[in-house]
Amino acid sequence: MSDQIRPPDLLFGRWTGPVARGNERGKPMFGLNVDIGVDLGTANVLVYIKGRGIALQEPSVVAINKENNKIIAVGSEARRMLGRTPGNIVATRPLRDGVIADYEVTEKMLRYFINKSGGRRLFFRPRIMVCIPSGVTGVEERAVRQAALQAGAKSAYVIEEPLAAALGAGLDISEPSGTMVVDIGGGTTDVAVLSLGGIVCSRSIRVAGDKIDEAIVRFVRREFNLAIGERTGEEIKIEVGTAYPNGTEEKEIEIKGRDLVSGLPRAVTINRRQVHEATKETLEAVVSAVKEVLERTPPELSADIVNKGIVMTGGGALLHGMDRLLSEETRVPVHVADDPLSCVARGTGRALGMISFLKETKPRGGAPSRL
Ligand code: ADP
Ligand code: MG
C-alpha cells in the first residue's frame, strides 16, 4: 500500500530515464522519433504505437514449465491455461498485486509483448515509456526499464499510472487546477489528485477487480456449496455484477462448478442481487479510498474537482453502476473515460510526445531532475 503526499512540482510524478544502453549498436537512421507506450498492468498489458494506436492488448499472464523453468506461453494463450494446468506447468500473473513478484518473468513477458506488437521490427530503436503499477519499487522499476532497452528501445522511461490515466483521458493536467483520477484495475485501485502536471495526493490499495472476483468465488462456495474458479468469478462479475442495484433490471447467469459435497460437476443460477451482496464490502473499500483522498485534498483543488468531476479509468470502471455508486457516496459527478481499458496505454504514448516539450520549457518548479 502506498500513501503519499507530494508537492506538485514534479512533472510526471515519479519517473526516470533515459538509461544509456550498455552496448550502443547504432544510431537512428533518419532521426525519426518513434514512440511506444506500454501499459504494464496487473491484469492486461497494452502496447500503443504512435501513429498506429493500440497495437496489442493481452492479459499479463505467463505459463511456465516448472521442471526446466521455460516459458511455454504468454498472454491470451497463457490465460486460457489459468486454473487448468497439469502439475508441471504453472500459469501465473507476475504483477498480480501491483508488485513485481518475479521480475525475470516480467522482463521476459514485457520483451515478448514489445516484440510481438511489431515495435522492434517496424521501427529502428523506438523510445519506450512504460506505465508501472504504483506499488512497484525502484529496483523493480529499473528492471522494467532494462527489459524495455533489451527489447530494442533507444531510451526507456517509466511513468506512474495516475498521470498516464489522466493524459489518456484527455485531461489537461498542466494547469494549476485540480483533477481527480480513479483507476480500478485488476490488482490495484489508484486514486490521485493531480495539478500542475504532478500528483498532489494519492492512494493505492490492493483492492480492485481481482478482489471482487474472489469475493464472488467465496460467496458461491458458501451459499451454493459449489467450487468455481476465479475466471468464472470474473465472468459472473462482468455479466451480472453491479455496484448500484437500485432500480436496475434483474439479471441472472447459470454457472458450473464442482459440488463441494458430492464432488461432482453441478450448475446453479446466480442473480444480480446475490452478486451485489457478495461484492458490496469490497466495493466499499474502493469508495473509502476515494473519500480518504478527497479528505486530504487542499480546498482550492477540492473546489476544482467538484466542478470538473472525478474521472474513472481501468477495467473496473466498466462495472455496472460503479460510477453511480461513487458519485452518490462522494456527491461529486463521476465520468467514465472513453475506452477505460486502453486509457492508460494511450496516456503513456502521449506522455512520450511531451518529453521534448518538457525539456525545452523547464516548467515551474523545474523539470524532472533526471531528464
Ligand atoms: P490493470 O491495469 O491492472 O491491468 P485493467 O485496467 O486492464 O487492469 O482492468 C482489468 C480488470 O477490469 C479486471 O479485474 C477485469 O475483470 C475488470 N473488467 C474488465 N471489463 C469489465 C466489465 N465490463 N465489468 C467489470 N469489470 C471489468
Ligand atoms: Mg491499469
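Residues in the sequence shown are numbered consecutively from 4, following my numbering. Note that CB positions come from ideal geometry on N, CA and C, so glycine has one too.
- Here the alpha carbon of residue 289 sits roughly 10 Å from the alpha carbon of residue 191.
- Rounded to the nearest angstrom, the gap between the Cα atoms of residue 238 and residue 116 is 25 Å.
- The Cβ-Cβ distance between residue 353 and residue 171 falls below 9 Å.
- When Cβ pairs closer than 8 Å are counted between the two stretches, the stretch 179-197 is seen to touch the stretch 304-319, the count reaching three or more.
- For residue 93 and residue 219, the gap between their C-alpha atoms comes out near 23 Å.
- Taking the Cα of residue 337 as reference, the smallest distance to any Cα among 327, 259, 98 and 111 is reached at 327.
- Exposed is the label assigned to residue 264, since fewer than 16 other Cβ atoms lie within 10 Å of its Cβ.
- Rounded to whole angstroms, the Cβ separation of residue 296 and residue 194 is 5 Å, and the two are in contact under 8 Å.
- Nearest C-alpha to residue 332 among 315, 291 and 351: 291.
- A residue is called buried when at least 16 other Cβ atoms come within 10 angstroms of its Cβ; residue 96 meets this threshold and is buried.
- The ligand MG never approaches residue 143 closely enough for any of its heavy atoms to be under 8 Å from the residue's Cβ.
- Selection 140, 158, 135 and 148 evaluated against residue 127 yields 158 as nearest (Cα-Cα).
- Residue pairing for residue 67: DSSP places it in a beta bridge opposite 74 and 93.
- Residues 275, 276, 279 and 324 of the same chain have their beta carbon placed closer than 8 Å to that of residue 248, with the five preceding and five following residues left out of the count.
- In the three-state scheme derived from DSSP, where H, G and I count as helix and E and B as strand, residue 220 is classed as helix.
- Taking 8 Å as the cut-off, one finds no heavy atom of the ligand MG near enough to the beta carbon of residue 109.
- Nearest C-alpha to residue 138 among 129, 107, 101 and 166: 101.
- DSSP lists 130 as the bridge partner or partners of residue 38.
- Between residue 231 and residue 256, the beta carbon gap of about 12 Å keeps them out of contact (Cβ cut-off 8 Å).
- If you check the C-beta of residue 254 against the ligand ADP, you find no heavy atom less than 8 Å away.
- Taking a cut-off of 8 Å on C-beta distances, the stretch 73-83 touches the stretch 56-65, as three or more cross pairs fall below it.
- In this structure, DSSP gives residue 259 an extended state, which the three-state scheme calls strand.
- In terms of side-chain proximity, the C-beta atom of residue 195 is found no nearer than 8 Å to any non-hydrogen atom of the ligand ADP.
- Residue nearest to residue 160 within the set 186, 173 and 141 is 141 (criterion: CA-CA distance).
- Under the DSSP assignment, residue 303 falls outside any beta strand (DSSP E), being part of the alpha helix (DSSP H) whose first and last residues are 302-311.
- Within the same chain, and ignoring the five residues on either side of residue 106 in sequence, the residues whose Cβ sits closer than 7 Å to its Cβ are 143 and 146.
- Around the Cβ of residue 188, a 10 Å sphere holds 16 or more other Cβ atoms; the residue is buried.
- With distances taken between CA atoms, residue 320 lies nearest to 345 out of 335, 345, 311 and 334.
- Looking at the DSSP output, residue 316 bridges to 186.
- Beta-bridge annotation (DSSP): residue 338 is paired with 314.
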